[in-house]
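Residue numbers (our numbering): 9 to 374.
Just so it is clear, CB atoms sit at the ideal spot from N, CA and C, and this is done for glycine as well.
Scroll down for the structure; my scribbles are underneath it.
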C-alpha cells in the first residue's frame, strides 16, 4: 500500500488527523513520492461526479501546480493522488518558520508563481479555486512554490468552500454561498497581505491600516531593509485591488502576472537558496527509454519501441515509415515543448509519455 495503510505517521495535513479530509504521503512501486488526499465518507456521495471532476482536474499539467496524478472511487472510499511536495506549505514558512523568515524576494516570487498558476488554470477553463489560502501553496524539491490541485475540485462538499475564519471570506460568498472567479481574486488579496505582513491579518483590519497610511504597521518587521517603499506600496496596491468589495472591480490573474513580473527581485537566485533549503539531489533513475529521450537519440528510441512491439506497416519501407514516425514524434515533441522542458522540471513521466504515446497511437504510420 502506497501510504502503509493510511498510517498516522504518513499524515502531512497541517491539522493532522483532526482535518476533515486527511492528506498522506506515500510512495509508488517505482519509488515516486505521492500525496494522497482521503475524503471523509460524506464529502463525495456521488461517485460519478467525483470521477468526472478528478478527470477534468487531472488534465491540467503545469510546473506551477502540484499536479493531480490519479484518483480512486471504490465503495465509500474517495482518494485523490497528486505529486508530493516535500518542503511544507506557505503557512509553515510564513507563520511558523524555525530557522529564518522568508525573504522579500521569495515572497514576491510566491505571489508571481501563484498568479501564473491561476492564469494557467483560468486559460484551461478552471478559474474556480476553493478556499485559496497559505495552506494550499506547497514547495517542491527545488524550493519553488506550487498551487495544490486539491482546491480545484468543485462541489466536493469538502466542509465549506471557505473553511477559514469568516473574516477572510469574500463578501459575496457570505451573501450567495457561491465561489466565483472574482472570489478567488479576493483570496489572492488576502495571500498578498500574508506575504507582506508575515501574519494572517483580517482584510478589514489591513484595509483600515492602508487607509490610515499606516503601512509600516502592516509590514513584517523581519523584512526591514529588504525592500523599498515603492516595492511595498506596489504590493499593497495590488492587495487593495483584489480586496475591493465589488467583485467586478478586482483584477484577473493575467493582469496580476503583468503587475508582479516587474517587481521581482534576485531572479537569478534559485528558490532553494532564497529559502535556505539544501538542493535536492534526489532524482528518479531513468529507464533505457528515458535515457534515450534525454539524449534525443531517435535511433535508440526506435529500437526500444520495436522491442516493445512497434512494427512498420507491411508494404512500406522501414526508412520511409521511420521517417514518418520521427515526423510525428517531432510534432508531439513540439506540443509537449519537445519533452526536454518536462525533463528540466523533473517531470520524467510526462517527458517519457511524449515518446511512448507513439506506440499507443491507433492509426498506421505509412
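- In this chain, residue 76 is not harboured by any alpha helix (DSSP H); it is covered by the beta strand (DSSP E) spanning 76-82.
- Of all C-beta pairs linking the stretch 255-269 to the stretch 118-128, three or more are shorter than 8 Å, placing the two stretches in contact.
- The beta strand (DSSP E) runs lying completely inside the stretch 115-151 and spanning 3 residues or more are 145-147, given in chain order.
- Residue 256 and residue 286 have their C-alpha atoms spaced approximately 43 Å apart.
- In the three-state reduction of the DSSP assignment, residue 221 falls in the coil class.
- Between residue 137 and residue 160, the gap from beta carbon to beta carbon is short of 8 Å.
- Checking the DSSP bridge columns, you'll see residue 154 partnered with 146.
- Here residue 251 really is in contact with residue 197; their C-beta atoms are around 4 Å apart, less than 8 Å.
- Under the DSSP assignment, residue 85 falls in the beta strand (DSSP E) whose first and last residues are 85-91.
- Of the other Cβ atoms in all chains shown, fewer than 16 fall within 10 Å of the Cβ of residue 175; this residue is therefore exposed.
- Each residue's CA atom was taken as its position, placing residue 246 and residue 194 some 11 Å apart.
- Three or more beta-carbon pairs separated by less than 8 Å link the stretch 272-281 to the stretch 110-117, which places the two stretches in contact.
- The C-alpha of residue 249 lies about 21 Å from the C-alpha of residue 235.
- Taking the Cα of residue 92 as reference, the smallest distance to any Cα among 181, 308, 228 and 153 is reached at 153.
- With a contact defined as Cβ atoms closer than 8 Å, residue 76 and residue 132 miss out at about 13 Å.
- Remark: C-beta atoms of residue 205 and residue 238 do not approach each other more closely than 8 Å.
- DSSP, reduced to helix, strand and coil, places residue 73 within a strand of the structure shown.
- Judged by their CB atoms, residue 158 and residue 90 are nearer to each other than the 8 Å cut-off.
- With a contact defined as Cβ atoms closer than 8 Å, residue 35 and residue 88 miss out at about 16 Å.
- For residue 185, the number of other beta carbons within 10 angstroms of its own is below 16, and it is reported as exposed.
- Going by beta carbons, residue 135 and residue 189 fall inside the 8 Å limit.
- Under the three-state reduction of DSSP, residue 15 is assigned to coil, being neither helix nor strand.
- DSSP places residue 97 in the strand class (E or B) of the three-state scheme.
- From the listed residues 145, 149 and 103, the smallest Cα separation to residue 40 is found for 149.
- Between the C-alpha atoms of residue 283 and residue 240 there is a straight-line separation of about 20 Å.
- Around the C-beta of residue 117, 16 or more other C-beta atoms lie within 10 Å, and the residue is accordingly described as buried.
- Between residue 208 and residue 47, the gap from beta carbon to beta carbon reaches 8 Å or more.
- Distance from the Cα of residue 58 is smallest, within the candidate group 80, 74 and 38, for 80.
- Annotation for residue 280: 150, 151 and 287 place their beta carbon closer than 6 Å to its own, counting only its chain and skipping 5 residues before and after.
- DSSP lists 34 and 91 as the beta-bridge partner residues of residue 42.
- Excluding residues up to 5 positions away in sequence, 120, 123, 124 and 127 lie with their Cβ nearer than 8 Å to the Cβ of residue 265 in the same chain.
- Just measuring C-alpha positions, the residue of 130, 254, 218 and 233 sitting nearest residue 243 is 218.
- Around the beta carbon of residue 49, fewer than 16 other beta carbons lie within 10 angstroms, which makes this residue exposed.
- If you compare the alpha carbons of 268, 31 and 129 with that of residue 72, the shortest gap goes to 129.
- Closest in C-alpha terms to residue 70, from the list 315, 192, 156 and 162, comes 156.
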